[in-house]
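Chemist:
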Amino acid sequence: MMLLEATGVSKAFGGLQALKGVDLQVRRGEIVGVIGPNGAGKTTLFGCLSGFHRSDAGQVTLCGERIDRSQPHDICRLGMARTFQLVRPFQGMTVLENVMVAAMVRHPATAVARDKAAHVLERTGIVHLAGRDASGLSLADLRAMEVARALATEPQLLLLDEMLAGLTPVEAEQMHERFLSLRDDGLGLLVIEHSVPTVTRLCDQVVVLDFGQVIASGTSAHVLANARVQEAYLGKRPARSGVKAADEAGAAPGAVTGALT
Ligand SMILES: Nc1ncnc2c1ncn2[C@@H]1O[C@H](COP(=O)(O)OP(=O)(O)O)[C@@H](O)[C@H]1O
Ligand SMILES: [Mg+2]
């Protein structure tokens, strides 16, 4: 059975059609990449899948259950967790406590949540940060904590929004390894990333969004050879007006050749 199956997902913000008829599937043990120019609708798609946005049309199932009219906390309990482009830790709390709050979704007793959170920190490779104040973390450590918080809800499917943007090559490699190990544990991963080399190495399948529509999907080699995809990325037309600045995480637009910003 498909872990996640979305068909015909559409979402408008006023007169702006942010998503139009998006189809997408994720299996267990698979990493699916969502790429597309800035403003293409990638984050909106995550919002619709995870219940933060109410889609206008379409159907989404997680492990066979309809979730497109469910609340975020119910979708989380069913097994989907997402990270945010802008990580907002609970200020004045340690990394362990931040992860404990997420663990309490399933384990309300403090002692149990603490054990679960400690285990997740180990699995994420950030045990050494447990006692640190979350508000003083570096970008890479914040991102790692964000992944840990998502994992602490014990998901089957993880939605990861630009977790590698702005990291140094060494930090990005660590995050990459983290994702592969989660995949090997049987989780499904849906990742928004904008560096072509990253997507090529990381993703089993790639879905390309442009102006809210899927313009190509399949293996990365198949997708990147597509003429429409190349046109969308190689600057052969002006960027969509009214979109946000390059990237909330701070990566420069087009900084890397072939960057899908
Ligand atoms: N909450 C919102 N209200 C109005 N417009 C939005 C909202 N969120 C996103 N948009 C618009 O929808 C489009 C898609 O945005 P987004 O999903 O953030 O793109 P991406 O993540 O691919 O860069 C953009 O034009 C953006 O300005
Ligand atoms: Mg985005």
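Going by the numbering used here, the first residue of the sequence shown is number 1153, and it counts up by one from there.
Backbone N, C-alpha and C fix where the C-beta goes; we use that ideal spot for every residue, glycine too.
Who are Ser1162's beta bridge partners in DSSP?
Modeler: Taking the sequence shown and counting its residues from 1, one reaches residue 1162 at position 10. Looking at the DSSP assignment, Ser1162 forms a beta bridge with Ala1209.
Chemist: Spell out a yes or no on whether the stretch 1219-1229 and the stretch 1262-1281 are touching, meaning 3 or more CB-CB pairs, one atom from each, closer than 8 Å.
Modeler: no
Chemist: Within the continuous beta strand (DSSP E) that includes Asp1362, where are the two ends?
Modeler: Locating residue 1362 in the sequence shown gives position 210, counting from the first residue. Note, Asp1362: beta strand (DSSP E), Gln1357 to Asp1362.
Chemist: Is Asp1313 near ligand 2, in the sense that its beta carbon is under 8 Å from a heavy atom of that ligand?
Modeler: For the purposes of this step, residue 1313 is taken as the residue at position 161 of the sequence shown. Yes, the Cβ of Asp1313 comes within 8 Å of a heavy atom of ligand 2.
Chemist: At what residues does the beta strand (DSSP E) containing Ser1369 begin and finish?
Modeler: Start at 1 with the first residue of the sequence shown, and residue 1369 comes out as number 217. Residues Gln1365 to Gly1370.
Chemist: Which residues mark the beginning and the end of the alpha helix (DSSP H) in which Gln1169 is found?
Modeler: Within the sequence shown, residue 1169 is the residue found at index 17, counting from 1. Segment Leu1168 to Val1178 is the beta strand (DSSP E) holding Gln1169; no alpha helix (DSSP H) there.
Chemist: With a threshold of 8 Å (Cβ to nearest heavy atom), would Thr1235 be considered close to ligand 1?
Modeler: To locate residue 1235, count along the sequence shown from 1; it is residue 83. Incorrect: Thr1235 has no Cβ contact closer than 8 Å to ligand 1.
Chemist: Measure the C-alpha to C-alpha separation of Ala1209 and Phe1198 and round it to an integer number of angstroms.
Modeler: Within the sequence shown, residue 1209 is the residue found at index 57, counting from 1. Within the sequence shown, residue 1198 is the residue found at index 46, counting from 1. Whole-angstrom Cα-Cα distance: 15 Å.
Chemist: Any heavy atom of ligand 1 closer than 8 Å to the CB of Ala1265?
Modeler: Counting from 1 along the sequence shown, the entry for residue 1265 is found at position 113. Answer for Ala1265: no, Cβ out of range of ligand 1.
Chemist: Kindly examine ligand 2 and report whether one of its heavy atoms sits closer than 8 Å to the Cβ of Lys1163.
Modeler: Along the sequence shown, one-based indexing puts residue 1163 at 11. Not so, every heavy atom of ligand 2 lies at least 8 Å from the Cβ.
Chemist: Tell me whether Ala1233 sits in a helix, a strand or coil according to DSSP, three-state version.
Modeler: The residue given as residue 1233 occupies position 81 in the sequence shown. Ala1233 falls in the strand class under three-state DSSP.
Chemist: Mind checking which residues open and close the alpha helix (DSSP H) that includes Asp1267?
Modeler: Taking the sequence shown and counting its residues from 1, the one referred to as residue 1267 is at position 115. Residues Thr1262 to Thr1276.
Chemist: Please list, in chain order, all residues of the same chain as Lys1172 whose beta carbon is under 7 Å from its beta carbon, the five residues on each side excluded.
Modeler: To locate residue 1172, count along the sequence shown from 1; it is residue 20. Contacts found: Ser1162, Gly1364 and Gln1365.
Chemist: To the nearest angstrom, report how far apart Ala1384 and Ala1263 are at their CA atoms.
Modeler: By one-based count along the sequence shown, residue 1384 stands at place 232. By one-based count along the sequence shown, residue 1263 stands at place 111. Taking the straight line from one Cα to the other gives about 51 Å.
Chemist: Would you mind giving the Cβ-Cβ distance between Gly1283 and Thr1246, rounded to the nearest angstrom? I have them listed as a contact below 8 Å.
Modeler: For this step, residue 1283 is matched to residue 131 along the sequence shown. For this step, residue 1246 is matched to residue 94 along the sequence shown. Rounded, the Cβ-Cβ distance is 5 Å, consistent with contact.
Chemist: Give me, in chain order, the residues of the same chain whose beta-carbon lies closer than 7 Å to that of Thr1159; leave out the 5 immediate sequence neighbours on both sides.
Modeler: Translated into positions along the sequence shown, residue 1159 becomes position 7. Only Asp1175, Gly1210 and Gln1211 meet the Cβ criterion.
Chemist: Does the Cβ of Gly1216 have 16 or more other Cβ atoms within 10 Å, making it buried, or fewer, making it exposed?
Modeler: As a working note, residue 1216 is residue 64 in the sequence shown. Burial call: exposed.
Chemist: Restricting to runs no shorter than 4 residues, where is the alpha helix (DSSP H) found entirely within the stretch 1313-1343?
Modeler: Runs found: 1321-1336.
Chemist: For my contact list, Leu1342 and Met1327 are in at a C-beta cut-off of 8 Å; report their separation, rounded to the angstrom.
Modeler: Along the sequence shown, one-based indexing puts residue 1342 at 190. Along the sequence shown, one-based indexing puts residue 1327 at 175. That pair is no contact at about 15 Å.
Chemist: Is Gly1166 near ligand 1, in the sense that its beta carbon is under 8 Å from a heavy atom of that ligand?
Modeler: Counting from 1 along the sequence shown, the entry for residue 1166 is found at position 14. Correct: Gly1166 has its Cβ closer than 8 Å to ligand 1.
Chemist: With distances taken Cα to Cα, identify the nearest neighbour of Phe1236 among His1259, Arg1258 and Phe1204.
Modeler: Here residue 1236 corresponds to residue number 84 of the sequence shown, with the count starting at 1. Selected option, being the one with the closest Cα: Phe1204.
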